[in-house]
Amino acid sequence: MSVPLTAPSTATAVQASAEPLKVPPFKHPLDPLTPEEIVAVSHSVRRYVAEKTDVKAVRFITSYLLPPPKKAVLAYLGIPLQSGEKPEPAVEIVRKAEVDFVDAVAGNAYNAIVSLNGQEWVVDSLEKLPEGVQPQISVEELLMCEEIIRADERVVKLAAEVGVKPEQLHADGWAIGYDPRFPAKQRIQQALMFARWSRHENLYAHPLDFIPVVDSVAKKVIHIDFPPAFKPKGDKSLFEAAGVNADITATTTAPPAIETDSFEAAGRNRIPPPQESYDFLPDLLEQKEGFKFREDLKPLHVIQPEGVSFKVDGHVLEWQKWKMHVAFHHREGIALSTITYNDDGTVRPIFYRLSLSEMVVPYGAPEHPHPRKHAFDVGEYGMGTMANELTLGCDCLGQIHYLPGAYVAHDGSAVVVKNVICIHEEDAGLLWKHTDFRVGGRAQAVRSRRLVIQQICTLANYEYIFNYMFYQDGNIEVEIRLTGILQVYVQGQDEPNSPFGTTLAPGVSAHYHQHIFSVRVDPMVDGLQNSVVETDIVPLPKAPLGSAANFSGNAFITRNTPIARASEGAREFDYGTDRRWAIVNPKKVHPASKRNAGYTLHVMRGRKRGTCGGSRVERMNLPDAFVDCASSEGGREGGREQRGQRGGGRVQRKGSAQSRGQRVRATQGRVTDSQ
Ligand SMILES: [Cu+2]
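Residue numbers (UniProt numbering): 1 to 675.
Shown next as structure tokens:
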């Protein structure tokens, strides 16, 4: 296997031919499709399409395991449906795959379900997706976007007008968001434009002032938008009523009609990109006068001379009392499944699946076309397909075990990323300590070790770091970190600062935005029958200070509210009552406390920073208000399981205002509307 020049820099290999199948084809029923399987599935879909349809050219977009039903998986693995009971008898598992592809001539999108029958993958069903429903944008289409804009005469001319040569032109392809001016059927991207003065220079230092819209089936630019600029506030301002001291050169933030001159509608002059370089690569930084690296750090070694304390067998990971399945998923990135805890010989089911369901990045600038910056980074691009190959010593320290991942390329071959998930142990500070303060009393401290399952994903300018961390005391932590570079737009030399962003450097403005994550938590705490309970801390009701029941006024209790159905599940966070949500098993009762066994969701760091659950205004005031809490929502779309409900992962453009609102609502209870 080798990497062709067309593959993204994250790919380590591309596999184009299928070798004979290994029997049995999986160790664990949730093992992701191997590169060989992806290629074999592509062959069967291609054959079926050629024989049975009039589709002329297949552009594969996604190809992945369609998980078997939950109970079949648990029975196969011998995991009981209730802690302490016997597992169900094993049933036969049929290996299935799901494929999304686009007709590269007509532009229609299709979904196929494929089953492994003996040695052969056989197409069970093929369905044309409704108009306006599209599978995610592929890596190849993102790369194609840049080629398309460079080949467009009008784009080249517009760039030349602000001093940018064709070879300096770069574009980040983005999903279009919501723009009803374009037909729902078209598979389009908006090209956020930048210039770059040399091969590896930081292009985000040089944003351009126009935004082409690209059709990736027709492979051409179909429209060009020009955002207005800010101007000194005159007598009348669009934002007057909002109390915002600013005005724009256009008369409205609404999109100009498609047939009008969009540059004219913007009501401004062209804005050349800022020239100054702001690099991040050390060799380029070194060229800058006066730049010096820090030289005052002594070495710090992370060593495990006797190796690691975890075991990996295929995708099954065991560490301390934990056992789980770790898979690469093109959409969710890391998918953890069948997580159990061995409690002195009793296998306790904990979570059936933990993964990222969706994440949305709404931007706050109202000038058209900026509101189209509204990225669903999971469903529109795929965290897995955007994942990096990890490097020892840079991304991870110590003794690392890596897992590979594979996703389908347009031609049906498998793009392989060798080290896409890393597994390692870390010292995690103190787990517990107590000192008997009496004379001669003893002190005891126990150090904490944690297991980290990590992935890093590049979404154009941003990097997301996902850390799923397991602790010796049964805790699980999901840490989502954000790094990389801010998404920026150009600001004219004398243009006032935007009230909807922060000016980072002369000519470079970063629009306010949020990153809102939806983590899929499919619990099976001590069994499949779980409930959710909301707990508030409240003063003893109807018992004021001085009353017989609460003379000193100090009494407080916990008030539990069961969340009975999913429709009640979008909850408001309440700092005043220290509100918590617990996933509990009503059948499993603690012998002393008489409380149910369960897991409580906690926000780790949001409070200190005021970025998570603070007022909306507080969050929006931060230049890059990054919500770093793992907001949890049990089974939003529940993922798609065989015989299950249709899952997410497709982009619905037309009429998406409503569905978008619902998605955000499901993501985080507090935000009820994204618009
Ligand atoms: Cu951000």
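No residue lacks a Cβ here, since even glycine has one placed at the ideal position from N, Cα and C. Treat the numbers as computed from the prediction; the structure is a model and nothing was measured.
How big is the Cα-Cα spacing for residue i and residue j?
i           : j    : result
K594        : R559 : 16 Å
G527        : L81  : 5 Å
F194        : S83  : 56 Å
F376        : P228 : 25 Å
K587        : N596 : 7 Å
Y363        : P371 : 6 Å
P369        : G507 : 19 Å
K219        : E479 : 39 Å
V39         : W121 : 10 Å
I557        : A543 : 12 Å
P29         : G384 : 20 Å
D172        : V584 : 44 Å
R199        : L142 : 18 Å
V417        : L397 : 19 Å
L535        : W581 : Contrary to the premise, residue 535 reads as Thr rather than Leu in this sequence. Distance between the alpha carbons of T535 and W581: 6 Å.
A564        : P67  : 27 Å
E306        : W319 : 15 Å
D179        : V521 : 32 Å
Q15         : T458 : 22 Å
V45         : L354 : 30 Å
residue 734 : L77  : The chain is shown only over 1 to 675; residue 734 falls outside these bounds and no answer can be derived.
F226        : K96  : 46 Å
S277        : W197 : 8 Å
D31         : R268 : 55 Å
L208        : V102 : 31 Å
A265        : I211 : 14 Å
K654        : E85  : Unreliable placement is indicated for K654, whose pLDDT of 38 sits below 50; no coordinate value is reported for it.
F573        : R481 : 22 Å
P274        : L116 : 56 Å
E37         : Y341 : 31 Å
V139        : R181 : 25 Å
Whole-angstrom Cβ separation of residue i and residue j, contact assumed at under 8 Å?
i           : j    : result
I93         : A112 : So it is not a contact: roughly 20 Å between Cβ atoms.
H410        : R59  : 5 Å
V525        : Y599 : 6 Å
P130        : A414 : Contact flag wrong, Cβ pair sits at about 29 Å.
P135        : T62  : 6 Å
residue 686 : I188 : A question about residue 686 goes unanswered here, because the residues of the chain that appear run from 1 up to 675.
N419        : E389 : 5 Å
L451        : E477 : About 11 Å separates the two Cβ atoms, so there is no contact after all.
A246        : F263 : Contact doesn't hold; Cβ gap of about 21 Å is too wide.
I148        : L169 : Contact flag wrong, Cβ pair sits at about 11 Å.
V533        : T561 : 7 Å
Q455        : A387 : 5 Å
Reducing DSSP to helix, strand and coil, say where residue i ends up.
i           : result
Y178        : coil
Q186        : coil
H329        : strand
L356        : strand
Y402        : strand
L142        : helix
residue 691 : This structure gives no information on residue 691, because the portion of the chain shown stretches from 1 to 675.
K588        : strand
A16         : coil
V162        : coil
P523        : strand
G78         : coil
H28         : coil
E88         : coil
P35         : helix
G173        : strand
A11         : coil
When you measure from the CB of residue i to every non-hydrogen atom of ligand 3, does any distance come out below 6 Å?
i    : result
L459 : Judged by which ligands are present, ligand 3 is missing from the structure shown, whose ligands are ligand 1.
Original post:
Which residue spans inside the stretch 410 to 442 form an unbroken beta strand (DSSP E) run of at least 3?
Top reply: 414 to 435
**OP:** Could you tell me whether the stretch 327 to 338 touches the stretch 509 to 517, using the rule of 3 or more Cβ pairs below 8 Å?
**Re:** Inter-segment contact for the stretch 327 to 338 and the stretch 509 to 517 is absent: fewer than three beta-carbon pairs are separated by less than 8 Å.
Original post:
Counting pairs of Cβ atoms below 8 Å between the stretch 237 to 245 and the stretch 151 to 159, do you hit three or more?
Top reply: Verdict: no, contact absent.
Original post:
At a cut of 8 Å, does the stretch 320 to 328 reach the stretch 400 to 414 through at least three beta carbon pairs?
Top reply: The stretch 320 to 328 vs the stretch 400 to 414: in contact.
Original post:
Would you call the stretch 425 to 437 and the stretch 446 to 454 in contact, with 3 or more CB pairs under 8 Å?
Top reply: A contact exists between the stretch 425 to 437 and the stretch 446 to 454.
**OP:** Entirely within the stretch 200 to 282 and at least 4 residues each: give me those alpha helix (DSSP H) ranges in chain order.
**Re:** 262 to 266
**OP:** Go through the stretch 455 to 514 residue by residue and report every complete run of the beta strand (DSSP E) that reaches 3 residues or more, in order.
**Re:** 462 to 471, 476 to 484, 501 to 505, 508 to 511
**OP:** Pick out the complete beta strand (DSSP E) segments inside the stretch 525 to 609, 3 residues or longer, and give them in chain order.
**Re:** Listed in chain order, the complete beta strand (DSSP E) runs (minimum 3 residues) inside the stretch 525 to 609 are 531 to 539, 556 to 563, 580 to 589, 596 to 601.
Original post:
Are the stretch 345 to 353 and the stretch 294 to 305 touching, with three or more C-beta to C-beta distances below 8 Å?
Top reply: no
Original post:
Do the stretch 488 to 495 and the stretch 310 to 321 touch if we need at least three Cβ pairs shorter than 8 Å?
Top reply: no
**OP:** Enumerate, from N- to C-terminal direction, the unbroken beta strand (DSSP E) stretches of 3 or more residues contained entirely within the stretch 294 to 324.
**Re:** 310 to 313, 316 to 319
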